[in-house]
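Asks: Using the numbering used here, read the sequence shown as starting at 4 and increasing by one per residue.
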Amino acid sequence: MQPHSFDYVRPQTLAKAIQILSENGNRAKVLAGGQSLIPVLKLRLANPRVLVDINDLPGLAFIEERGDRLRIGALSRHRDFEQSKLIRGKYPIFSDVASVLGDPQVRNLGTIGGALAHADPASDWGTALLALEAELIARGPNGARTIPIDRFFKDPFTTALRSSELLTEIRVPKSEPGDGGAYLKLKRKTGDFATIGVAVQLGLDAKRNVAGVRIGLGAVGPTPIRATGAEKALLGRKAGPTPFADAAKLASEEGHPSSDLRGSEEYKRAMIEVFTRRALETATARAGR
């Protein structure tokens, strides 16, 4: 099946891109890497009047620390996270995500911003950034606004972005001594969507007590969610097998995984428990305390 006809535009400035989006509203779609959008267009699940290619927009592809934040341009490709020395050295959770995303073509072309805006319930990036307490920067005709990741995902394939806005940047707290994170994904085969995904970001104090923790779960409901009960069970406890087992059990009871071709609800809950425990162990090892 081929897409319906549409007008193709390739603006050279952010201001022009926002103008086009403002003029066309829901009749426009944004093309970044195209790894999610193009299949949707071919299936005619989306029929835009205008396709806005943003690949020529300057200043939207970067990964760098500024002040107390790691700042990421929305046009950063998945491969950039695999190749970045900064990411490999201080933010390995990003490398975890990039390494399990699709195949080489997807990783070479796909972008973090496009994946977030697509808002698949099984989103690897969405799950990880939920654990990282990310802030998303959207720019529109009225300027920039900050959207906390906890408020970004509304429903399957639906976000808090307005039709006139463009996602331009992702910010996460800068990694500090004692911080560690991990993302683990259960999938049937290479390139497949997550059967379940678990992301953990934690901070340990000098005595290896859990001073802060966020746990993201993907493919367990209409949007990625936080396992808040599991988080509360860990706070103030010394990192180790018993607290991790307790938290993993609680995480398996959160969310609403459904039975499908990837597995039954019972199987998915069992895997959430296993993968949460493993992610906590990996994050703790990376925290270095």
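For every residue, glycine included, the Cβ atom is placed at its ideal position computed from N, Cα and C.
For residue 98, which residues from the same chain have a beta carbon less than 7 Å from its beta carbon, with the 5 sequence-adjacent residues on both sides left out?
Replies: Counting from 1 along the sequence shown, the entry for residue 98 is found at position 95. Within the same chain, residue 98 has close Cβ partners 84, 85, 90, 91.
Asks: At a cut of 8 Å, does the segment 197–212 reach the segment 50–62 through at least three beta carbon pairs?
Replies: With the cut-off at 8 Å, the segment 197–212 and the segment 50–62 do not touch.
Asks: How far does the beta strand (DSSP E) with residue 156 in it reach, from first residue to last?
Replies: To locate residue 156, count along the sequence shown from 1; it is residue 153. First-last of the beta strand (DSSP E) with residue 156: 156–158.
Asks: CB residue 115 to CB residue 79, shorter than 8 Å?
Replies: The residue labelled residue 115 in the question sits at position 112 within the sequence shown. The residue labelled residue 79 in the question sits at position 76 within the sequence shown. Their beta carbons are under 8 Å apart, which means residue 115 touches residue 79 by this criterion.
Asks: Express the C-alpha separation of residue 290 and residue 250 in angstroms, rounding to a whole number.
Replies: Along the sequence shown, read from residue 1 onward, the residue named residue 250 stands at position 247. Along the sequence shown, read from residue 1 onward, the residue named residue 290 stands at position 287. In a straight line, the C-alpha of residue 250 is about 18 Å away from that of residue 290.
Asks: Can you tell me the Cα-Cα spacing of residue 138 and residue 220, whole angstroms?
Replies: Residue mapping note: residue 138 aligns to position 135 of the sequence shown, counting from 1. Residue mapping note: residue 220 aligns to position 217 of the sequence shown, counting from 1. Cα-Cα distance, rounded: 18 Å.
Asks: Which partner residues of residue 188 appear in the DSSP bridge assignment?
Replies: Numbered from 1 along the sequence shown, position 185 holds the residue referred to as residue 188. In DSSP, residue 188 forms a bridge with 200.
Asks: Could you name the residues of the same chain whose beta carbon sits closer than 7 Å to that of residue 163, not counting the 5 residues immediately before and after it, in chain order?
Replies: The count along the sequence shown starts at 1 and reaches residue 163 at position 160. Excluding positions up to five away in sequence, the list reads 150, 154, 155, 157.
Asks: Short of 7 Å in beta carbon distance, which residues of its chain neighbour residue 265, apart from the five on each side in sequence? Order them along the chain.
Replies: Residue numbering aside, residue 265 sits at position 262 when the sequence shown is read from its first letter. Cβ within range, chain order: 191, 198.
Asks: Residue 152: which of 142, 69, 173 sits nearest, CA to CA?
Replies: For the purposes of this step, residue 152 is taken as residue 149 along the sequence shown, with counting starting at 1. Ranking 142, 69, 173 by Cα distance to residue 152 puts 173 first.
Asks: Name the one or two DSSP bridge partners that residue 162 has.
Replies: Mapped onto the sequence shown, residue 162 falls at position 159. The partner list for residue 162 (beta bridge, DSSP) reads 156.
Asks: Which residues does DSSP list as the beta-bridge partners of residue 11?
Replies: Residue mapping note: residue 11 aligns to position 8 of the sequence shown, counting from 1. 54.
Asks: Consult DSSP for residue 217 and reduce its assignment to one of helix, strand or coil.
Replies: Here residue 217 refers to the residue found at position 214 when the sequence shown is read from its first residue. In this structure, residue 217 counts as strand in the three-state DSSP scheme.
Asks: Is DSSP giving residue 290 helix, strand or coil here?
Replies: Start at 1 with the first residue of the sequence shown, and residue 290 comes out as number 287. DSSP places residue 290 in helix when its eight states are reduced to three.
Asks: When burial is assigned at 16 or more other CB atoms within 10 Å of the CB, is residue 45 buried or exposed?
Replies: Taking the sequence shown and counting its residues from 1, one reaches residue 45 at position 42. Result: exposed.
Asks: Judging by CA-CA distance, which residue of 126, 94, 65 is the nearest neighbour of residue 189?
Replies: Here residue 189 corresponds to residue number 186 of the sequence shown, with the count starting at 1. Out of 126, 94, 65, 126 has the C-alpha closest to the C-alpha of residue 189.
Asks: Just list the residues that DSSP pairs residue 241 with in beta bridges.
Replies: Numbered from 1 along the sequence shown, position 238 holds the residue referred to as residue 241. Its beta-bridge partners are 212.
Asks: Is the beta carbon of residue 166 closer than 8 Å to that of residue 50?
Replies: In the sequence shown, counting from the first residue as 1, residue 50 sits at position 47. In the sequence shown, counting from the first residue as 1, residue 166 sits at position 163. In this structure, residue 166 does not lie closer than 8 Å to residue 50 by Cβ.
Asks: Could you check what DSSP says for residue 223 in three-state terms: helix, strand or coil?
Replies: In the sequence shown, counting from the first residue as 1, residue 223 sits at position 220. Coil.
Asks: Measure the C-alpha to C-alpha separation of residue 194 and residue 26 and round it to an integer number of angstroms.
Replies: In the sequence shown, residue 194 corresponds to position 191, counting from 1. In the sequence shown, residue 26 corresponds to position 23, counting from 1. Between residue 194 and residue 26, the C-alpha separation is close to 37 Å.
Asks: Quick check on the DSSP output: what are the complete alpha helix (DSSP H) runs of length 4 or more inside the segment 42–128, in order along the chain?
Replies: Those alpha helix (DSSP H) runs which fall completely within the segment 42–128 and span 4+ residues are 81–86, 88–93, 95–102, 107–112, 115–121.
Asks: Across which residues does DSSP place residue 256 in a beta bridge pair?
Replies: Stepping through the sequence shown from its first residue, residue 256 is reached at position 253. In the DSSP output, where bridge partners are listed per residue, residue 256 has none listed.
Asks: May I ask you to list the residues that DSSP assigns as paired with residue 183?
Replies: Within the sequence shown, the letter at position 180 stands for residue 183. Residue 183 is bridged to 205.
Asks: Check whether the Cβ atoms of residue 183 and residue 212 lie closer than 8 Å to each other.
Replies: Taking the sequence shown and counting its residues from 1, one reaches residue 183 at position 180. Taking the sequence shown and counting its residues from 1, one reaches residue 212 at position 209. Contact: no.
Asks: Can you check which of these residues, 279, 244, 111, is closest to residue 256 by C-alpha distance?
Replies: Here residue 256 is taken as the residue at index 253 of the sequence shown, counted from 1. Of the listed residues, the one whose Cα sits closest to residue 256 is 279.
Asks: DSSP has residue 265 in a bridge; who is on the other side?
Replies: Counting from 1 along the sequence shown, the entry for residue 265 is found at position 262. In DSSP, residue 265 forms no bridge with anything.
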